[in-house]
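> So for the sequence shown, the working numbering puts the first residue at 309; every next one is plus one.
Heads up, the beta-carbon is just placed ideally off N, CA and C, and yes, glycines get one too.
Computed from a predicted model, the values in this text were never measured in an experiment.
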Amino acid sequence: MPRSSMTMAAASDDEAMLGVFERLALEAGREVMRVFHEGGAVDSKADSSPVTEADRESEKIILAGLRAAYPDIPCVAEEEVAAGVATPDLDGAFF
Numbered sequence: 309m310p311r312s313s314m315t316m317a318a319a320s321d322d323e324a325m326l327g328v329f330e331r332l333a334l335e336a337g338r339e340v341m342r343v344f345h346e347g348g349a350v351d352s353k354a355d356s357s358p359v360t361e362a363d364r365e366s367e368k369i370i371l372a373g374l375r376a377a378y379p380d381i382p383c384v385a386e387e388e389v390a391a392g393v394a395t396p397d398l399d400g401a402f403f
């Protein structure tokens, strides 16, 4: 593949990935605002730091979207790790 085609393909992939990130961020943000307006619960993690319903729900949205769009790239997320979900192999790329 000529260099210019490779560059265009890579730029297209980057734009598609940014589109996924933007869509998921907006979805998660809407969920955060929904929970905020409804007065969601606040709990404590094992280290005594707070975790809210909005934290958990927005993380679920982001993880589900990333895993659907990029099933071969593992994800590591704060609330999953705090809940005891095993960290995937991180030798390569990961979110």
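1. State the DSSP-derived secondary structure class of residue 380, mapped to helix, strand or coil.
2. Count the other C-beta atoms from every protein chain shown that fall within 10 angstroms of the C-beta of residue 367, then say buried if there are 16 or more, exposed otherwise.
3. How close, in whole Å, do the beta carbons of residue 369 and residue 335 come, if the pair is a contact with beta carbons under 8 Å?
4. Among 360, 356, 333, 332, which residue has its Cα nearest to the Cα of residue 344?
5. According to the neighbour-count rule (16 or more other Cβ atoms, all chains shown, within 10 Å of its Cβ), is residue 398 buried or exposed?
6. Quick one: Cα of residue 351 to Cα of residue 401, how far?
7. Taking C-alpha atoms, which residue in 371, 376, 379, 337 lies nearest to residue 393?
8. Spell out the partners DSSP gives residue 360 in its beta bridges.
9. Starting from residue 390 and walking both ways along the alpha helix (DSSP H), at which residues does that stretch end?
Let's see:
1. coil
2. buried
3. 5 Å
4. 360
5. exposed
6. 32 Å
7. 371
8. 350
9. 386 to 390
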